[in-house]
Every structure is written in structure tokens, then in C-alpha cells.
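Numbering (the numbering used here), first residue to last: 3 to 292.
Comments concern the structure below.
Next up, the structure:
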């Protein structure tokens with residue numbers, strides 16, 4: 003795979019070796035029925051994902067899914083992290099960019115009720131298929147632009163996940179597709195959209211509630227810069243994300259001469275070399291009661 007010199011320079015500035023794209027990431031299955039765990043260990047040799055009690059690494063994900071289509075979900079194991087940070091237990095949750103539903107399905111296993119929104123009708127169709135397959139009842143699906151999504155009676159949420167559309171630099175196995183679209187102009191355009199989505203999501207969060215922002219890209223313009231913009235609100239407080247068994251780095255404090263918010267180090271940068279997974283950025287922000 004040939005990368006543009008511009009892309010290589012940015013990777014080097016971030017301290018990322020382009021060789022990460024020559025390796026395949028590990029797949030995992032999330033198990034929704036604990037009664038099959040021992041069977042999977044014996045028959046397929048699955049082994050635990052250190053940071054998630056429900057996920058198991060496997061080289062036979064497709065075979066497992068064929069045998070247990072309504073009891074396991076094939077996923078990138080690092081995608082569990084935003085849901086763990088969200089702490090969705092017994093809460094009303096908005097997943098504002100939800101489809102096709104890897105994180106949504108996970109949240110539904112833990113939360114009281116979930117509103118899953120996405121602008122893309124084709125992706126919403128896949129989300130509905132997943133909801134039907136796993137017989138999920140505690141969900142409402144909406145098909146709206148996340149930048150302008152509003153609810154009747156000023157409905158707000160205890161928890162909000164913004165798994166934002168991004169440039170996808172961290173998705174190792176799809177880097178060829180990513181590179182066909184990659185440009186600095188696209189990153190800037192995405193950054194503006196992410197800021198709009200995040201600003202609207204913040205308006206839908208209850209005081210005391212938690213918002214988790216995540217992307218699968220390395221670009222600071224889409225990560226630290228977006229969160230620093232949100233932190234201009236005096237009722238926003240960044241919180242540390244501590245997840246046992248997960249290797250990660252602190253986020254960047256500056257980029258191209260621009261200083262980010264003083265608490266930005268509380269966000270996580272997860273690089274492929276940390277855990278043998280795709281790359282991710284995760285931020286956890288609480289709406290302070292003032």
C-alpha cells in the first residue's frame with residue numbers, strides 16, 4: 003500500500019510507524035449468552051479480551067457466528083471501550099450516530115432504554131436487522147441528521163454516545179478504502195461536522211450526565227480539537243477513563259502550534275500496537291451541575 007507523502011508526514015509527527023498498516027488486527031466475538039462460553043473455549047479456542055468480560059478474541063469469528071447467529075456479535079474488540087466508558091447501566095441512553103449497531107447492541111444489553119439514531123438509511127436497515135436478530139426490545143430507532151436532532155417535550159438523556167463519522171485512519175483492515183478518500187480538506191470538513199454533532203448532543207444531555215465522544219481516526223483535528231471546542235462550555239468536565247487490561251496513551255496537548263484544553267490528557271489515544279486492534283480516540287465528559 004502506497005501512502006501520500008502528506009499522510010506519512012502526519013503519521014511521523016504523531017509518532018506512528020506506517021508499518022502498522024501491514025498487520026491484520028484481531029477479531030473478537032461478544033457473547034450475549036453466558037451458557038455457550040465454555041463451548042466456545044473448547045470448540046473454537048476463544049480467549050478473553052482483557053478489557054471486556056463479554057468479548058473473546060478468535061480466529062474463527064465467522065464460523066462461530068454461523069453456529070450461534072443470535073448469541074454472538076462479531077466486532078472489533080476495541081469498540082467495547084466507548085461503551086465501558088459510557089457506564090450505561092440502568093440509564094436512558096442516546097446513541098446519536100448508531101448504525102450499523104456494534105456499540106448500540108452492546109449498550110442495549112446494559113441500559114434501561116436506548117434511542118439509536120443515524121442519518122444513513124442503508125445503515126439504519128442493518129441496525130434494524132441486528133435489533134431483530136438479537137430480539138432487542140429496549141430501543142427506539144430514529145433516522146435524523148445528528149447535527150439537528152431534537153425531541154418532543156425537551157427530552158434529555160442520562161448518557162449520550164457520539165461515535166462520530168470520521169476519516170477512519172485507525173481502521174487498519176480498511177486503509178485502502180480510507181486512502182481513496184483521505185485529504186486534509188476532508189479532515190477539516192469532518193472536524194466541522196463533528197463539532198456540530200457534539201454541540202447538539204451536549205444540548206440533549208441531562209445535568210450530571212455523561213457524554214462519550216469516540217472516533218476511529220488519529221487526526222487531532224477530529225479528536226482533541228473537537229473536544230477542546232466543547233470544553234469552552236463552563237459546565238463541561240473531562241473525566242479520566244480507567245479500564246483494566248487496556249493499553250493506551252494520553253492524548254495530545256497541542257498540534258501545529260495550537261494548545262488544547264488543559265485537561266485533554268484525560269482522553270485516550272489507542273494505537274494499533276497497544277492491543278493488536280484498530281486505533282481509537284475516546285473522551286468522557288460530564289455535564290456539571292452548576
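Backbone N, C-alpha and C define an ideal beta-carbon position, used for all residues, glycine too.
Here's the rule I'm using: 16 or more other beta-carbon atoms within 10 Å means buried, otherwise exposed. How should residue i be labelled?
i           : result
residue 58  : buried
residue 132 : buried
residue 161 : buried
residue 152 : exposed
residue 193 : buried
residue 263 : buried
residue 14  : exposed
residue 220 : buried
residue 150 : exposed
residue 216 : buried
residue 135 : exposed
residue 32  : buried
residue 96  : buried
residue 292 : exposed
residue 4   : exposed
residue 36  : exposed
residue 196 : buried
residue 183 : exposed
residue 277 : buried
residue 178 : exposed
residue 20  : exposed
residue 119 : buried
Taking Cβ positions, are residue i and residue j nearer each other than 8 angstroms?
i           : j           : result
residue 56  : residue 92  : no
residue 63  : residue 243 : no
residue 145 : residue 109 : no
residue 208 : residue 289 : yes
residue 164 : residue 206 : no
residue 50  : residue 214 : no
residue 272 : residue 253 : no
residue 138 : residue 130 : no
residue 212 : residue 105 : no
residue 80  : residue 279 : yes
residue 30  : residue 73  : no
residue 250 : residue 270 : yes
residue 327 : residue 102 : Outside the displayed range of the chain (3 to 292) lies residue 327, so it cannot be described from this structure.
residue 46  : residue 65  : yes
residue 172 : residue 282 : yes
residue 174 : residue 23  : yes
residue 189 : residue 241 : no
residue 218 : residue 148 : no
Please state whether DSSP places residue i in a helix, a strand or coil.
i           : result
residue 119 : strand
residue 171 : coil
residue 241 : strand
residue 246 : coil
residue 100 : coil
residue 198 : helix
residue 234 : coil
residue 84  : helix
residue 190 : helix
residue 183 : helix
residue 90  : coil
residue 108 : helix
residue 229 : helix
residue 177 : helix
For residue i, write down the residues that DSSP places opposite it in a beta bridge.
i           : result
residue 252 : 270
residue 287 : 213 and 240
residue 95  : 116 and 161
residue 282 : 272
residue 257 : 260
residue 1   : Lying outside 3 to 292, the shown extent of the chain, residue 1 is not represented and no answer is given.
Along the chain, which unbroken stretches of the alpha helix (DSSP H) at least 4 residues long are found entirely within the region 8 to 76? 39 to 46 and 63 to 69
Any chance you could list the beta strand (DSSP E) runs of at least 3 consecutive residues sitting entirely within the region 119 to 170, in chain order? 141 to 144 and 159 to 165
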